[in-house]
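Shown next, in structure tokens, is the structure this report addresses.
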DNA sequence: CTATACATACATACTGCATGTATGTATGGT
DNA sequence: ACCATACATACATGCAGTATGTATGTATAG
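Protein chains in written order, with this note's numbering: chain A, 5 to 201; chain V, 5 to 201.
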């Protein structure tokens, strides 16, 4: 790794980190590229050297947040008890906790689907898709006969949607901790009843 | 009603209708005010006479779509059988059907929360809030002991989130009718199990 | 009943800002 | 020495919002 690409990578990373922060605070439309480069201590030339356009910069920020969340969810699910319902609840809890953080709320949940296209919020193709563990858990439950056959993937969509709405509800609550507890309890009820035929 | 305000109302309505169409096709950011007034056959002066800014125009378009959807959901729920589960399923079915329509997908589900603020997607304060029937149904179920006490409102959030994700999933599917059927069946499973203690 | 005073509904022109692009420059690698 | 990479600078374009102008309808006083 030469000194030059090292510097380039560092600049790129600084831009991405700055972008996450500014997009979190002011959103995509409310953040000018000038503001980003000023905060990052470079010029617009540097930005447009590393990224094709403003959207590409956002995508890099989005993926960084997504990787972070997906990792935490997968780890939580893997560390949980042996039953699918347990793993599902654990992964979901990790996801809800992530939804408490402003940068996850804004970049991943709010702006992401709109800026990058709605398709991103319903496909599982992304290598670091944050909700893959949910589908995995439901497919497992399907094999064990806990849910009607052939419904696992559609149910995963529903559970994931419920999780996202939870994030929004928690985010706007005056007492976020209380909201987190209430939504979490409701989510546990939902999962438990869903996986108990 | 004088001739003048009549004319004004007509112009305003033309702008709103045109806005719904253009926002549906190109989104909020992708639709310039110039494009709207050109399509509506007026000038930018007319637009800024009737609306404070571009966002106010969007809000008018948003509310028009919301009124339409909420009316259909409430009607479907009211026309359904007597049990809460039946009413919930009926209202949800009407909502999913509405989610098949492009203008509902784009204006209400996609752009709305971002342009008008995320809070709009989690509060029930809107007079024509499309998901009020869901909360009503769950509260009824709670009174009948079908769900654990004190969980109705949180569960309503979850169900509504599931519904929205359903809309997205249906929208991007290659075969929307098949997706609608699959998601609808999964939703029925979810509601049935949730309301069966 | 008509003339005047005013409000409403629109059109036009202008300003400032943001994006993207094109071009210039400096520096590390070979 | 030469070249590619990594940036900086200057510029063109387009859009949102505002300020100002104009015409037409409406109310009211004499």
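C-beta: ideal position from N, C-alpha, C; glycine also.
My assumption, with CB atoms under 8 angstroms, is that residue i sits in contact with residue j. Please give the rounded CB distance.
i	j	result
residue 121(A)	residue 88(A)	Contact doesn't hold; Cβ gap of about 31 angstroms is too wide.
residue 19(A)	residue 39(A)	Wrong, their Cβ atoms sit about 12 angstroms apart, outside the cutoff.
residue 65(A)	residue 126(A)	About 21 angstroms; that fails the 8 angstroms criterion.
residue 205(A)	residue 22(A)	In the structure displayed, chain A extends from 5 to 201; residue 205(A) sits before or after that span and is not available.
residue 134(A)	residue 73(A)	5 angstroms
residue 197(V)	residue 198(A)	5 angstroms
residue 104(V)	residue 138(V)	Between residue 138(V) and residue 104(V) the Cβ distance is about 18 angstroms, and since that is not below 8 angstroms, they are no contact.
residue 175(V)	residue 67(V)	Not confirmed; about 21 angstroms, so no contact.
Whole angstroms are fine: how far does the CA of residue j sit from the CA of residue i?
i	j	result
residue 114(V)	residue 99(A)	22 angstroms
residue 116(A)	residue 117(V)	12 angstroms
residue 124(V)	residue 69(V)	14 angstroms
residue 37(V)	residue 61(V)	9 angstroms
residue 102(A)	residue 41(V)	43 angstroms
residue 181(V)	residue 71(A)	33 angstroms
residue 172(A)	residue 186(A)	13 angstroms
residue 97(V)	residue 90(A)	30 angstroms
residue 147(V)	residue 155(V)	11 angstroms
residue 82(V)	residue 94(V)	9 angstroms
residue 16(A)	residue 53(A)	9 angstroms
residue 150(A)	residue 80(A)	22 angstroms
residue 56(V)	residue 31(A)	22 angstroms
residue 86(A)	residue 76(A)	18 angstroms
residue 183(V)	residue 11(V)	44 angstroms
Using a Cβ-Cβ distance under 8 angstroms, would residue i count as near chain V?
i	result
residue 153(A)	no
residue 191(A)	yes
residue 107(A)	no
residue 29(A)	no
residue 111(A)	no
residue 159(A)	yes
residue 176(A)	yes
residue 197(A)	yes
Could you have a look at residue i and say whether DSSP puts it in helix, strand or coil?
i	result
residue 87(A)	coil
residue 56(A)	coil
residue 100(A)	helix
residue 112(V)	helix
residue 25(A)	helix
residue 38(A)	helix
residue 20(V)	helix
residue 178(V)	coil
residue 146(V)	helix
residue 72(A)	helix
residue 62(A)	helix
residue 105(A)	coil
residue 173(A)	helix
residue 153(V)	coil
Can a CB atom of chain A be found closer than 8 angstroms to the CB of residue i?
i	result
residue 67(V)	no
residue 165(V)	yes
residue 148(V)	no
residue 114(V)	yes
residue 63(V)	no
residue 126(V)	yes
Quick test of the definition: if touching needs 3 or more C-beta pairs under 8 angstroms, does the stretch 161–172 of chain V touch the stretch 164–184 of chain A? Yes: the two stretches touch, three or more of their Cβ pairs being nearer than 8 angstroms.
Contact between the stretch 151–160 of chain A and the stretch 183–193 of chain V (3+ Cβ pairs under 8 angstroms): Output reads yes: the stretch 183–193 of chain V touches the stretch 151–160 of chain A.
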